[in-house]
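Below you'll find the structure, written out as structure tokens, and then a few comments.
In the UniProt record's numbering, the protein residues as written are 1 to 56.
See the structure below:
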């Protein structure tokens, strides 16, 4: 169950999933896309770090 934490809720952290949520009604499409981009960049960095650890 989502606890609403941003950018990643506790449930998604535990399941190691990308947290996807709907934009607030007052958020512009640009703000919503920026949040999604930030989440994807964070996920890419985490995957990159994991790959580096697996290589060593």
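C-beta atoms are modelled at their ideal positions from N, C-alpha and C, and glycine is treated no differently.
None of these values were measured; they are calculated from a predicted model.
- Within the model, the alpha-carbon separation for residue 41 versus residue 20 is close to 14 Å.
- The beta carbon of residue 9 sits closer than 6 Å to those of 2, 3 and 19, all from its chain and outside the five residues before and after it, given in chain order.
- As summarised for the UniProt domain "Zn(2)-C6 fungal-type" (1-26), the continuous alpha helix (DSSP H) elements at least 4 residues long and confined to that stretch are 10-15, given in chain order.
- Rounded to the nearest whole angstrom, the CA to CA distance from residue 12 to residue 55 is 26 Å.
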